[in-house]
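Numbering (my numbering), first residue to last: 31 to 576. These notes concern the structure reproduced below.
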Ligand code: NAP
């Protein structure tokens with residue numbers, strides 16, 4: 031008997047279900063979804079692998095981890111009292127503060143009583159005979175529900191490098207997303223960091239403060255720009271709290287739900303002097319303005335992109351004293367903004383410190399991790415600590431790590447083997463009653479804003495089903511095709527999709543993820559919401575409801 035048939039044989043009658051809805055993950059998605067499920071009067075259970083709430087902010091405790099978008103644009107927006115009750119201390123809050131905030135939210139709503147911690151989900155199988163879901167945890171226990179809602183994140187499946195010997199190192203080794211709960215002391219230690227994405231940059235600038243010697247292994251440099259973080263003054267605090275309505279209205283209106291949005295001018299519609307002055311102003315401003323608030327053609331016009339790339343390259347040359355090191359830090363294979371721009375605080379100056387060395391691991395690749403350190407094609411290094419800032423199997427990776435099966439035992443991994451296919455990033459054909467929060471092909475951007483919208487849309491669908499005594503929702507094939515075609519067309523002409531990165535589904539450390547795919551919706555958040563709102567307003571005609 032196949033696993034799928036076995037499941038069907040054991041399928042419980044719908045009335046005997048353990049829960050109405052099971053949610054995987056107690057990050058921001060799972061937490062907010064739980065609040066809304068309770069409001070619908072549904073019996074809900076959240077299964078969480080960690081020992082606490084917070085998701086991304088629970089796992090990513092690496093030194094220097096903090097927001098890259100303004101704190102007050104990042105928190106939950108749905109509860110006005112909560113907004114007044116919580117005071118962010120910095121414009122870009124550090125990870126421990128965000129984790130405190132999320133625990134505060136969990137306590138405020140008494141969420142933990144419905145969350146089962148230390149409970150990684152191993153499998154989720156749809157039961158054809160009853161139209162329900164059976165969930166198996168890593169400890170083998172089984173739980174059944176009518177609905178399955180995934181809140182497993184887009185960047186939550188960490189990947190170690192596929193380099194020989196990773197297990198053999200005798201010192202301390204950490205992936206940034208699996209950072210220990212106890213502090214790690216770098217004082218006087220020989221430390222290696224592999225990876226220079228947004229995580230690596232935050233880690234490097236912090237570790238360099240105390241490490242005896244820090245060696246950075248950089249395979250591809252990224253274009254990094256200053257974060258300009260600072261404490262929120264008491265006057266600013268009053269202003270922020272008085273203006274939350276406006277602030278979130280702005281987030282709803284902008285392309286990617288940030289406070290920043292593209293300048294309506296084209297790069298060459300202004301004089302060279304005006305252009306330089308604008309770039310200078312953006313470089314001196316906090317946050318993502320230089321990336322998402324730049325000239326409107328920056329990511330579609332090669333000449334426009336070269337202008338801003340040249341500007342940032344000049345900044346790097348000014349900030350890094352050794353011209354050879356500066357050249358190593360300037361990206362040559364992609365233009366500014368075509369990959370996620372890491373936000374930095376004195377990052378480039380780190381390379382002026384005598385205790386920091388930059389190794390070009392494209393020119394001299396890492397051959398193996400040894401008992402004592404790292405061997406490249408050029409040299410052998412000894413370390414006390416190796417930090418892997420090597421990123422994630424993004425967008426689909428967290429789904430691939432759970433044995434998710436839909437109708438007839440069809441594996442989700444198999445379903446998506448030719449690329450993700452969804453309806454509005456929230457439903458998958460042949461996986462009825464499964465709803466994804468932050469699934470592939472949803473609008474990402476300022477993540478909590480996307481989460482809140484996804485949760486509200488799913489909640490609206492569940493309410494509709496309650497009101498019409500419906501128990502089954504499935505995406506129609508034609509709707510999935512239309513949405514997938516739309517996602518593909520949104521990516522056309524964007525320089526971002528000509529570059530390898532997690533945003534184009536490439537991860538050199540994951541089998542089968544060496545070629546670019548379009549797993550990310552590249553249209554605007556308002557357009558995405560308009561599409562989804564329209565589906566709801568017309569009574570979910572794109573779904574088979576029964
Ligand atoms: P990432 O951007 O994918 O960077 C991974 C790094 O590891 C890259 O530099 C990569 O080099 C390198 N690498 C991977 N495997 C390697 C190998 N075998 N040998 C040498 N180098 C290797 O991952 P990330 O930095 O964790 O960031 C992922 C995303 O998380 C960000 O883009 C951002 O969206 C999010 N994030 C957000 C924040 C925030 O909001 N505060 C902070 C951190 C991260 P290649 O480039 O050559 O592949």
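Heads up, the beta-carbon is just placed ideally off N, CA and C, and yes, glycines get one too.
- Query: Considering only residues of the segment 461–534, which uninterrupted beta strand (DSSP E) runs meet the minimum length of 3 residues and lie entirely inside it, listed in chain order?
  - Reply: You should have 464–466 and 503–505.
- Residue burial classification, residue 268 (beta-carbon count within 10 angstroms, cutoff 16): Start at 1 with the first residue of the chain shown, and residue 268 comes out as number 238. It is exposed - the Cβ of residue 268 has fewer than 16 other Cβ atoms within 10 Å.
- State yes or no: is the C-beta of residue 170 nearer than 7 Å to some heavy atom of the ligand NAP? Stepping through the chain shown from its first residue, residue 170 is reached at position 140. Checking the Cβ of residue 170 against the ligand NAP gives no.
- Message: Measuring CB atoms only, is the segment 277–287 touching the segment 217–227, in the sense that at least three cross pairs come out at less than 8 Å?
- Response: no
- Query: Alpha carbon to alpha carbon, how far is residue 328 from residue 167?
  - Reply: For the purposes of this step, residue 328 is taken as the residue at position 298 of the chain shown. For the purposes of this step, residue 167 is taken as the residue at position 137 of the chain shown. Straight-line Cα distance between these residues: approximately 46 Å.
- So the alpha helix (DSSP H) residue 86 belongs to, where does it begin and stop? Here residue 86 refers to the residue found at position 56 when the chain shown is read from its first residue. For residue 86, the enclosing alpha helix (DSSP H) begins and ends at 86–89.
- Starting from residue 71, follow its DSSP beta bridges and name the residues at the other end. Looking up residue 71 in the chain shown gives position 41. Residue 71 pairs with nothing; no bridge assigned.
- Which same chain residues, not among the five before or five after residue 552, have their C-beta less than 8 Å away from its C-beta? In the chain shown, counting from the first residue as 1, residue 552 sits at position 522. Excluding residues within five positions, the ones whose Cβ falls inside 8 Å are 517, 520, 521, 524, 526 and 527.
- For the ligand NAP, is there a heavy atom less than 7 Å away from the beta-carbon of residue 375? Within the chain shown, residue 375 is the residue found at index 345, counting from 1. Not under cutoff, so the answer is no.
- Message: Rounding to the nearest angstrom, what Cα-Cα distance links residue 479 and residue 554 in this structure?
- Response: Position 449 of the chain shown, counted from the first residue, corresponds to residue 479. Position 524 of the chain shown, counted from the first residue, corresponds to residue 554. For the pair residue 479 and residue 554, the Cα-to-Cα distance works out to about 13 Å.
- Rounded to whole angstroms, what's the CA-CA distance from residue 256 to residue 373? Just pull it up for me. Reading the chain shown from its first residue, position 226 is the one you call residue 256. Reading the chain shown from its first residue, position 343 is the one you call residue 373. Going from the Cα of residue 256 to the Cα of residue 373 covers about 6 Å.
- For residue 311, count neighbouring C-beta atoms within 10 Å of its own C-beta (all shown protein chains included) and say buried if the count is 16 or more, exposed if not. Here residue 311 refers to the residue found at position 281 when the chain shown is read from its first residue. Residue 311 should be labelled exposed.
- Helix or strand or just coil, what does DSSP make of residue 163? Taking the first residue of the chain shown as 1, we reach residue 163 at position 133. Here residue 163 sits in strand by DSSP.
- Item | the ligand NAP heavy atom lying under 7 Å from the CB of residue 532 | For the purposes of this step, residue 532 is taken as residue 502 along the chain shown, with counting starting at 1. It does: the Cβ of residue 532 is within 7 Å (strictly closer) of some heavy atom of the ligand NAP.
- Examine chain C for any beta-carbon lying closer than 8 Å to the beta-carbon of residue 521, and answer yes or no. Reference to chain C is not applicable here, since this structure consists of a single protein chain.
- With distances taken between CB atoms, is the gap from residue 199 to residue 401 smaller than 8 Å? Taking the first residue of the chain shown as 1, we reach residue 199 at position 169. Taking the first residue of the chain shown as 1, we reach residue 401 at position 371. Yes, the pair counts as a contact, with Cβ atoms nearer than the cut-off.
- Burial state of residue 183, where buried means 16 or more other Cβ atoms lie within 10 Å: Walking along the chain shown from the start, residue 183 turns up at place 153. Residue 183 should be labelled buried.
- Query: What are the boundary residues of the beta strand (DSSP E) that includes residue 172?
  - Reply: As a position in the chain shown, residue 172 is number 142, starting the count at 1. For residue 172, the enclosing beta strand (DSSP E) covers residues 172–180.
- Message: Suppose only complete runs of 4+ residues qualify. What are the alpha helix (DSSP H) ranges in the segment 250–312, listed by chain order?
- Response: The qualifying runs are 264–272 and 274–283.
- Spatial distance of residue 318 from residue 290 (CA atoms): Here the question's residue 318 lines up with position 288 in the chain shown. Here the question's residue 290 lines up with position 260 in the chain shown. If I take the Cα positions, the gap works out to 7 Å.
- Message: Taking 8 Å as the threshold (C-beta atoms), are residue 455 and residue 469 in contact?
- Response: By 1-based counting over the chain shown, the position of residue 469 is 439. By 1-based counting over the chain shown, the position of residue 455 is 425. Contact: yes.
- Message: By DSSP's criteria, residue 390 is part of a beta bridge. Which residues make up the other side?
- Response: The residue labelled residue 390 in the question sits at position 360 within the chain shown. According to DSSP, residue 390 bridges with 248.
- In whole angstroms, what is the alpha-carbon distance linking residue 324 and residue 534? Start at 1 with the first residue of the chain shown, and residue 324 comes out as number 294. Start at 1 with the first residue of the chain shown, and residue 534 comes out as number 504. Approximately 22 Å, taken between the alpha carbons.
- Thinking C-beta only, is residue 181 closer than 8 Å to residue 53? Your numbering for residue 53 matches position 23 in the chain shown. Your numbering for residue 181 matches position 151 in the chain shown. Going by C-beta atoms, residue 53 is nearer than 8 Å to residue 181.
- Message: I need the DSSP call for residue 41, collapsed to helix, strand or coil.
- Response: Locating residue 41 in the chain shown gives position 11, where the first residue counts as 1. Confidence is the limiting factor: at residue 41 the pLDDT is only 40, short of 50, which leaves the residue's position unreliable, though a coordinate-based value still follows. Looking at residue 41 - three-state DSSP - the assignment turns out to be coil, as it is neither helix nor strand.
- Message: Taking the beta strand (DSSP E) that residue 336 belongs to, which residues open and close that run?
- Response: As a first step, residue 336 is located in the chain shown; it is residue number 306 there, counting from the start. Residue 336 -> not in any beta strand (DSSP E); alpha helix (DSSP H) instead, spanning 332–349.
- Task: Could you tell me the distance, in whole angstroms, from the CA atom of residue 353 to the CA atom of residue 413?
- Result: Counted from its first residue, the chain shown places residue 353 at position 323. Counted from its first residue, the chain shown places residue 413 at position 383. So the two alpha carbons sit approximately 27 Å from each other.
- Query: What whole-angstrom Cβ distance do residue 74 and residue 50 have, given they're in contact under 8 Å?
  - Reply: Locating residue 74 in the chain shown gives position 44, where the first residue counts as 1. Locating residue 50 in the chain shown gives position 20, where the first residue counts as 1. At roughly 7 Å, the Cβ-Cβ gap stays under 8 Å, so residue 74 and residue 50 are in contact.
- Simplified DSSP state of residue 208, which is helix, strand or coil: The residue given as residue 208 occupies position 178 in the chain shown. Reduced to three states, the DSSP call for residue 208 is helix.
- Query: Exposed or buried, residue 498, counting other C-beta atoms within 10 Å across all chains shown (16 or more means buried)?
  - Reply: Indexing the chain shown from 1 puts residue 498 at position 468. Label assigned to residue 498: exposed.
- Task: Between the Cα of residue 283 and those of 165, 225, 560 and 160, spot the shortest distance and give me the residue it belongs to.
- Result: In the chain shown, counting from the first residue as 1, residue 283 sits at position 253. Closest by alpha carbon: 560.
- Task: Rounded to whole angstroms, what's the CA-CA distance from residue 127 to residue 95? Just pull it up for me.
- Result: Stepping through the chain shown from its first residue, residue 127 is reached at position 97. Stepping through the chain shown from its first residue, residue 95 is reached at position 65. For residue 127 and residue 95, the distance between alpha carbons rounds to 10 Å.
- Rounded separation between residue 227 and residue 158 - CA only: For this step, residue 227 is matched to residue 197 along the chain shown. For this step, residue 158 is matched to residue 128 along the chain shown. One Cα belongs to residue 227, the other to residue 158, and the distance between them is close to 43 Å.
- Can you tell me whether DSSP reads residue 49 as helix, strand or coil? Within the chain shown, the letter at position 19 stands for residue 49. In the structure shown, residue 49 adopts extended strand secondary structure according to DSSP, grouped into three states.
- Assign residue 239 to one of three DSSP states: helix, strand, or coil. In the chain shown, the residue the question calls residue 239 occupies position 209. In the structure shown, residue 239 falls within a coil segment according to DSSP collapsed to helix, strand and coil.
- Roughly how many whole angstroms lie between the Cα atoms of residue 539 and residue 403? Translated into the one-based positions of the chain shown, residue 539 becomes position 509. Translated into the one-based positions of the chain shown, residue 403 becomes position 373. Looking at the two C-alpha atoms, the distance is approximately 20 Å.
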